[in-house]
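Novice: This structure is in structure tokens; I'll ask about it shortly.
Residue numbers (this note's numbering), protein chains in the order written: chain A, 496 to 606; chain B, 2 to 115.
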């Protein structure tokens, strides 16, 4: 079993749609959780950290369920510029040291 | 601008030759550098962790004699792919922690071995 699993997609949605991505992780000792965005052939960029209480940043909402070892990302009012691959990332040691990446979920937003 | 500068961004080399990829930290001291590899449609896989002035720690399944990592200074880490083969063609990327709770990625290097 992969340490971090994501639905690869692609998710094809129209502008303005709401889309949700899910991720599960296998190591219950994992301490830090993140969503990264990766554009084609580019380096990943931090979208947001994920906290147990859930957190929101504009149109993006992240949730963490430690009991189920499940992380989610909700994107509201999708924009064309949201088209990218979204990576679920887990750090077992806490902080930003040894990051374990999911394979990513591709999102394509169309007009 | 980039906080971690990585180059070359793209390189094509012949099978059997060696390729060096460099990552430089521009505004901070990169005590630790992480090297990842990403094959198409797959996740970034950690290859090794290097600490300045000491030997790199390689992940299971990564050949240390094939992927040579040097981290001789606080601002420079290099990855050399020795005797490259077509199956080594991939996206290689470095990252380092700068300020607390901050990680910086290089821009990545696309290696094609022909």
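C-beta: ideal position from N, C-alpha, C; glycine also.
Sorted by chain position, which residues of the same chain lie with C-beta nearer than 6 Å to residue 21 of chain B's C-beta, five sequence neighbours on each side aside?
Specialist: These residues qualify, in order along the chain: 79 and 81.
Novice: For a quick check, are the C-beta atoms of residue 577 of chain A and residue 566 of chain A less than 7 Å apart?
Specialist: The answer is no: Cβ separation not under 7 Å.
Novice: Assuming residue 109 of chain B and residue 537 of chain A are in contact, meaning their beta carbons sit under 8 Å apart, how far apart are those beta carbons, in whole angstroms?
Specialist: Indeed, because the Cβ distance is near 7 Å, the residues count as touching under 8 Å.
Novice: Taking 7 Å as the CB-CB cut-off, is residue 94 of chain B touching chain A?
Specialist: Closer than 7 Å to some Cβ of chain A, the Cβ of residue 94 of chain B qualifies, so yes.
Novice: Check whether the region 549-564 of chain A and the region 517-528 of chain A touch, using three or more Cβ-Cβ pairs below 8 Å as the test.
Specialist: As far as the Cβ criterion goes, the region 549-564 of chain A touches the region 517-528 of chain A, which means the pair count is three or higher.
Novice: Cα separation between residue 52 of chain B and residue 37 of chain B?
Specialist: Spanning the two alpha carbons is a distance of roughly 15 Å.
Novice: Measuring CB atoms only, is the region 64-72 of chain B touching the region 81-98 of chain B, in the sense that at least three cross pairs come out at less than 8 Å?
Specialist: Yes: at least three Cβ pairs fall under 8 Å.
Novice: Just the Cα atoms here: how many angstroms apart are residue 503 of chain A and residue 599 of chain A?
Specialist: Approximately 6 Å, taken between the alpha carbons.
Novice: At least one CB of chain A closer than 7 Å to the CB of residue 61 of chain B: is that the case?
Specialist: Chain A, which has no Cβ nearer than 7 Å to the Cβ of residue 61 of chain B, makes this no.
Novice: Starting from the Cα of residue 28 of chain B, find the closest Cα among B:45, B:6 and B:57 and give me that residue.
Specialist: Per the Cα distances, B:6.
Novice: List the residues of chain B whose Cβ lies closer than 7 Å to the Cβ of residue 597 of chain A, in chain order.
Specialist: Here the neighbours are 44.
Novice: I'd like to know whether the C-beta of residue 109 of chain B is nearer than 7 Å to at least one C-beta of chain A.
Specialist: Chain A, which has a Cβ nearer than 7 Å to the Cβ of residue 109 of chain B, makes this yes.
Novice: Check residue 509 of chain A in the structure and name its three-state DSSP category.
Specialist: The answer is strand: DSSP assigns residue 509 of chain A an E or B state.
Novice: Which residue from A:580, A:555, A:559 and A:535 puts its Cα closest to that of residue 519 of chain A?
Specialist: Minimum Cα distance to residue 519 of chain A is reached at A:559.
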